[in-house]
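In the working numbering, the protein residues as written are 42 to 323. For reference, the structure discussed in these notes is given below.
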DNA sequence: CCATGAACCTGGTCGC
DNA sequence: TGCGACCAGGTTCATG
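See below:
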């Protein structure tokens, strides 16, 4: 039993943000062109915008055209229909040959290639929207960090017109989509910006570096398949490799790898926030 | 406009 | 050993 709880602890360590969601999307490309034979909503609130049982027939016999990412959403494109999954904190979406049995499976889709698309979630915060178009999702999301229009000029002008705590603003998916608690702490530490700094007061120089660090940090994490443990099973554990590159997140009381001062944990926008008080000054 | 906090959840941890 | 209190956190919503 101790082995199990240890595994679960590891599993909870990191939450899905843009790089993790992109990694999941990449791993689900293999379900493209399969047909959905059946949908089993195990937890009745798994579909955000409908009673889950009411969409079973609508999903049956639909072909998967594509799987892509919008912000932290996983968009599964079916004919005239979209499934927009959000993993929230503890969600896991994966394609597997043998249906696992555990109490955290919230729903699964049976595919016509003898595999299953399984959704597991301890805390039941995740789920999906069943949609006819992506308007609802698009209205929730600001610019994607990998959009060409997300450049230094965009960031400069948009930070200047806001008077918000920089961490709170970067957490806002309607401003920039895809960032979350972990990468924001890392990015602000790298840029030597205190998370409580007001966005409009950042200097050009800081914003230039901030822009660069947002893009490069996400790129590097995607390269290492994120820092989230993906498709967890006892006999086949896939782990994202980025965890070892984290500098401040979950490093309270450890040494800052730049100045060797101790990392402190504070509260910003009601989130646990990790900073080096020496590198990041208000 | 902006900040804060509750609600949604469950498992893990800590203090007694 | 166990029990209550509290924490974690992405997002939405209500409130000041």
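By construction, the Cβ of each residue, glycine as well, lies at the ideal position given by its N, Cα and C atoms.
The C-alpha of residue 114 is placed about 10 Å away from the C-alpha of residue 57.
Distance from the CA of residue 184 to the CA of residue 228, rounded to the nearest whole angstrom, comes to 17 Å. Three or more pairs of CB atoms, one per stretch, sit closer than 8 Å, so the stretch 219 to 233 contacts the stretch 285 to 294. Annotated three-state conformation of residue 265 is coil, per DSSP.
One alpha carbon belongs to residue 103, the other to residue 205, and they sit about 44 Å apart. For residue 176, there is no enclosing beta strand (DSSP E); the enclosing alpha helix (DSSP H) has its first and last residue at 176 to 181. Comparing C-alpha distances from residue 78 to each of 86, 64, 119 shows the shortest one belongs to 119. Taking one beta carbon from each stretch, the stretch 93 to 112 and the stretch 64 to 80 have 3 or more pairs nearer than 8 Å; the two touch.
Beta-bridge analysis with DSSP links residue 204 to no other residue.
Distance check between residue 256 and each of 188, 307, 110, 64 places 188 closest, using alpha-carbon atoms only. Per DSSP, the continuous alpha helix (DSSP H) segment holding residue 232 begins and ends at 222 to 232.
Residue pairing of residue 317 in beta bridges, as defined by DSSP: 304.
Under the 8 Å Cβ criterion, the stretch 124 to 131 counts as touching the stretch 163 to 182, having at least three qualifying pairs.
For residue 146, the closest of 157, 153, 152 by C-alpha to C-alpha distance is 157.
Residue ranges of uninterrupted beta strand (DSSP E) with 3 or more members, entirely inside the stretch 87 to 137 and ordered along the chain, are 105 to 111, 114 to 119, 122 to 127, 132 to 137. By the C-beta density criterion, residue 300 is exposed, having fewer than 16 other C-beta atoms within 10 angstroms.
Counting only the Cα atoms, residue 140 lies some 32 Å from residue 220. When secondary structure is reduced to three states using DSSP, residue 75 falls in the coil class, being assigned neither helix nor strand.
Residue 231 is classed as buried because its beta carbon has at least 16 other beta carbons within 10 Å across all chains shown. Residue pairing by DSSP puts residue 296 in a beta bridge opposite 303. Residue 174 and residue 87 have their C-alpha atoms some 19 Å from each other.
Classified as exposed, residue 202 has fewer than 16 neighbouring CB atoms from the shown chains inside 10 Å of its CB. Residue 152 has 77 as its beta-bridge partners, per DSSP.
The Cβ-Cβ distance between residue 321 and residue 233 falls below 8 Å.
The C-alpha of residue 84 is placed about 10 Å away from the C-alpha of residue 94. For residue 318 and residue 217, the gap between their C-alpha atoms comes out near 26 Å. Collapsing the DSSP output to three states places residue 145 in coil.
Its chain contains 162, 167 as the residues whose beta carbon lies nearer than 6 Å to that of residue 132, once the 5 sequence neighbours on both sides are disregarded; these appear in chain order.
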